[in-house]
Structures are given as structure tokens and as C-alpha cells.
Amino acid sequence: MTSATLPPRKVGVLGCTGSVGQRFILLLASHPSFTLTAIGASPRSAGHPYAFKVSWKQTSPIPASAAALIIKTCEPANFADCDIVFSGLDADVAGPIETSFLEAGLTVFSNSKNHRRDPITPLMVPLVNTHHFGILDHQRKQRKGTMVTNANCSTTGLVVPLKALIDKFGPLEAVTVTTLQAISGGGYPGVPSFDVLDNVVPYIGGEEEKIEWETGKILAELNEARDEFVHTEIKVSAQCNRVPVIDGHTACVSVKFAKQPAPSVEEIKQAFREFKCEAQELGAPSAPKQAIIVRDEPDRPQPRLDRESEGGYAVVVGRIREDPVLDVKFVGLSHNTVIGAAGSSILNAEVGVLKGLI
Ligand SMILES: NC(=O)c1ccc[n+]([C@@H]2O[C@H](COP(=O)([O-])OP(=O)(O)OC[C@H]3O[C@@H](n4cnc5c(N)ncnc54)[C@H](OP(=O)(O)O)[C@@H]3O)[C@@H](O)[C@H]2O)c1
């Protein structure tokens, strides 16, 4: 699928100095149709040029297009010209700030947890459930603005391969997942180096609950009236660990299929390789050519070697084999600030624009 011509849009970024915000700045600097016109952060950073206030942690330099932009406070009036406002705000402040943007009639694509459980707000992973845009008509009857959220970073890397399996082989009865999550997932400065180097921290507050609940909403059906999500009944058990990796979340996954006998390892590899999503069909410019990349080497995927696959927009899977307890197990890897956060919002927005909704 070649890239569709995406109509131009003016965009803003809230939380521009953070881990997710920096990724937005990088991805938007080379975006073919989205032009960054406004950036916001806390009152501590506001009023200063971006390059002066950001503690830049990316491996590419600060884009020239963003360096001199003056950081604004996160008030709707400062973003009134934006067609789309991307939010990478700290969850402690995102709730009321994003609500104020919604009340001002703006369109918000949020990365934080605050609005994910709202029954008429889509929780959207762009490689999985962009059909959930169907609820926007209903949302707009009740609100002045528009809100779309994307998932927790570790949930995102899990639901993409699960969706491929469900599409091909039907419902899953049970899923267990053990994650090894990068430190950038906790924002900057995140876990102190003294705690994470030479170590594994077997606790990330709230993360296991997010994976276990969000999976059911992302894989939900939209009811016929397009005013409610019917969550998928799927038993998910998650265990989350913080590991000394900068970017890239690894997930060790086991699944049990409802229909027996379960598919073979070769059939599963083929289902992953053949998986297609709406973002690709529409020709969204940031959509990966291959949404799920299957590695056949015995020791892949690895964060350092595989996180940049398809610019970070793909999920890489490997070590697909039979599971003596459930049916099959595999290892997945996803870039937590690209497909797990900023890239997810951007690709969701591209699909919304291509569908004529934004
Ligand atoms: N990191 C990931 O991989 C990831 C993935 C998915 C989702 N998320 C979610 O995305 C959100 C951002 O995460 P992050 O890791 O980027 O966090 P972060 O590095 O801590 O950045 C937080 C941002 O919020 C801003 N902020 C803090 N207090 C504010 C206030 N009172 N008013 C306005 N802005 C304020 C900060 O600005 P200052 O610099 O001015 O303080 C900064 O730009 C969180 O909700 C997180 O859960 C993160």
C-alpha cells in the first residue's frame, strides 16, 4: 500500500518536554502533513524556548523546527489554532487539563491513563481497533470537543499479536504475559540508576491492572448503535518488571485458544506475517509496511537490535513455540515511546483524518 495524500493539519503537543513529548517532537519534525505550531508544558518550563528548557534524551538532535518554539502553559486558548492536540502530560495533571481542552471544543489524542476508562472515549491502538472511531458521532452529541486515548505502552505490544491470532483462529481463552519494560516507560528521570542498574525491579505501579483491563476494551466490539463498547471477555494475567533498557518493552506471552485443537506454530507464524490493519489499507503515512515482524533466529527479538524496526511502528515477535501448559508461547517487542505512545497517537490521528473525521 502506498501512502495516501494526507490533508495538512496544524498540531500541538502538551507535555512536550517529557519522554513521550520528546518522541512527539522528533516524529512530527519529519511528518509529511502535520505541522507543529504550539507546544506546552508546566509553568516551570513555560515562556522559554524549547531547546532551553528540555532535558533532551533522544539519540538524534533536537529538530531545528522545534528548538526555538516558545513553550506555553497548557491552557486551551494557547492551542486554539490547532486542529489536533497531542498530549504526553503527566497523569497527575492530565485529567483536568485534557478535560478543559475537550470543553473548549478541541480534539485531543491522549497518552495518559485518565480518560481511557471513559465509556464513550476510544482506547485505540492504531494497528488493532481504528474501527472504534465509529463512536465519535455519539461522543460529539455529548461533548464540544473530541477525545481519543491510546493504550498503556506494554498493553500495546501485547494486543497487536493477540488481534492477529483472534482474527485468524477465533477467541482466546487465556493469556499470560510477563513484561521486561524499558526505563523510558517511566518518564524522565524515572527509576534512579542506583535502583535499576545491575537489577530487575519486579513492580511497576498500576501496570499489571492496566494490561489486564485495557486488553478487553481494545479488543471490544462497537455495538450496533455505535454508542457503546462491548468488552471482550478475555482472561489476562500480567506480571511487569522494570529492566535496565532505555527504550523497548519485551513481553513473554503464552496463550490458550478457545477452539481446540490449537493451531500449529507454522500456522501462527503465517497469521502474524499476514496480519493487516486499517491504517495500512488507508495508506496512513506512518503505518508500518509490516505490522508484525516475525524473527526466526532463536535469540530474537532483542530491544537494542529490533526496537527501530519499521521506525518503531511495528511489533517484532519471535521464539514462537508450543507451550506445555497453555497452547503456544512467544516473545514480543515494541518501541514504548513510538508504537507504545507518541507514534500510536500520530497514527491514530492520521487514520482519523483519512476517514474524514478530524
Ligand atoms: N513513557 C512512556 O513510554 C509512555 C508510554 C505510554 C504512555 N505514557 C504516558 O504518557 C504520559 C507522559 O509520560 P512521560 O513518560 O513522557 O512523562 P514525563 O517524562 O514525566 O513528562 C511529563 C510531562 O508533563 C509535563 N507536566 C508536568 N506537570 C505539569 C503541569 N502542572 N502542567 C503542565 N504540564 C505538566 C512535564 O512538563 P515539565 O517538563 O515542564 O515539568 C512534561 O512535559 C503519562 O501519562 C504516561 O503514563 C508514557
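Read in my numbering, the sequence shown has 857 at position 164, and its numbers run on one by one without any break.
Even for Gly, the Cβ is constructed at its ideal location relative to N, Cα and C.
What number of angstroms, rounded off, separates the C-alpha of residue i from the C-alpha of residue j?
i        : j        : result
Pro-991  : Val-1018 : 21 Å
Arg-1012 : Ile-985  : 14 Å
Tyr-743  : Ala-734  : 10 Å
Ile-1039 : Ser-979  : 8 Å
Arg-809  : Asn-843  : 8 Å
Pro-756  : Ser-712  : 15 Å
Leu-975  : Ile-1051 : 15 Å
Lys-962  : Glu-1015 : 12 Å
Arg-702  : Phe-717  : 15 Å
Val-747  : Lys-765  : 13 Å
Ala-951  : Glu-907  : 20 Å
Arg-967  : Phe-745  : This sequence places Glu at residue 967; Arg is not what is there. Spanning the two alpha carbons is a distance of roughly 46 Å.
Leu-762  : Val-778  : 16 Å
Phe-802  : Pro-815  : 10 Å
Gly-1036 : Phe-887  : 30 Å
Gly-879  : Asn-845  : 11 Å
Val-706  : Val-852  : 26 Å
Ser-738  : Ser-780  : 16 Å
Pro-819  : Val-1009 : 16 Å
Ser-947  : Ala-770  : 48 Å
Gly-1004 : Glu-971  : 19 Å
Glu-768  : Thr-839  : 16 Å
Ala-1007 : Ser-805  : 21 Å
Val-987  : Pro-754  : 31 Å
Arg-997  : Gly-1049 : 38 Å
Val-648  : Thr-800  : With the chain running from 694 to 1051 in the structure shown, residue 648 is simply not present.
Lys-1022 : Asp-989  : 14 Å
Ser-793  : Thr-710  : 20 Å
Keeping to the same chain, check which residues put their C-beta closer than 7 Å to that of residue i; ignore five residues upstream and five downstream.
i       : result
Ser-847 : Thr-872, Gln-874, Glu-900, Ile-904, Cys-933, His-942 and Ala-944
Lys-750 : Gln-715 and Tyr-881
Leu-699 : Pro-725, Ser-726, Pro-978, Glu-1043, Val-1046 and Leu-1047
Asn-807 : Ala-784, Ala-787, Gly-788 and Glu-791
His-924 : Gly-909, Lys-910 and Ala-913
Lys-949 : Leu-865, Glu-866, Ala-867, Leu-1019 and Asp-1020
Ile-927 : Leu-865, Val-868, Thr-908, Gly-909 and Leu-912
Leu-719 : Gln-751, Ser-753 and Pro-756
So what does residue i bridge to, in DSSP terms?
i        : result
Met-840  : Val-801
Gln-932  : Thr-871
His-831  : Paired residue(s): none; His-831 is not in a bridge.
Pro-742  : Ile-763
His-942  : Ser-1027
Thr-792  : Answer is none; Thr-792 lacks a bridge partner.
Gly-1058 : Residue numbering for the chain in the displayed model covers 694 to 1051; residue 1058 lies beyond these limits and cannot be assessed.
Lys-949  : Ala-867
Glu-1015 : Val-1021
Glu-917  : None; Glu-917 has no bridge partner.
Phe-922  : Leu-915
Leu-816  : Thr-842
Val-786  : Bridge partners of Val-786: none, in fact.
So, for residue i: in the same chain, excluding its five sequence neighbours on each side, which residues have a beta-carbon less than 6 Å away from its beta-carbon?
i       : result
Ser-824 : Inspection of the sequence shows that residue 824 is occupied by His rather than by Ser. Excluding positions up to five away in sequence, the list is empty.
Pro-937 : Val-889 and Leu-890
Ala-722 : Pro-756 and Ser-758
Leaving aside the five residues before and after residue i along the sequence, list all residues of the same chain whose C-beta is less than 8 Å from its C-beta, in chain order.
i       : result
Asp-830 : Arg-919
Val-835 : In the sequence on display, residue 835 carries Gln and not Val. Once the five neighbours on either side are set aside, the close Cβ partners of Gln-835 are Ile-813.
Ala-964 : Ala-857, Leu-858, Asp-860, Lys-861, Phe-862 and Pro-956
Lys-837 : Leu-795, Glu-796, Ala-797 and Gly-798
Ser-877 : Ser-712, Lys-750, Gly-883, Ile-939, Asp-940, Asn-1029 and Thr-1030
Ser-930 : Ala-867, Val-868, Thr-869, Val-870 and Glu-905
Ala-760 : Pro-742, Tyr-743 and Ala-744
Use the C-beta contact count for residue i: other C-beta atoms within 10 angstroms, 16 or more gives buried, fewer gives exposed.
i        : result
Tyr-896  : exposed
Lys-910  : buried
Gln-832  : buried
His-1028 : buried
Phe-826  : buried
Asn-916  : exposed
Thr-728  : exposed
Asn-892  : exposed
Asp-811  : exposed
Ala-773  : exposed
Gly-1025 : buried
Thr-849  : buried
Glu-959  : exposed
Ser-1002 : buried
Pro-981  : buried
Pro-954  : exposed
Thr-752  : exposed
Gly-708  : buried
Less than 8 Å between the CB of residue i and some heavy atom of ligand 2, yes or no?
i       : result
Tyr-896 : For the structure depicted, ligand 2 is absent and the ligand set comprises only ligand 1.
Fully enclosed by the segment 968–1011, which alpha helix (DSSP H) runs are 4 residues long or longer? 971–974 and 996–999
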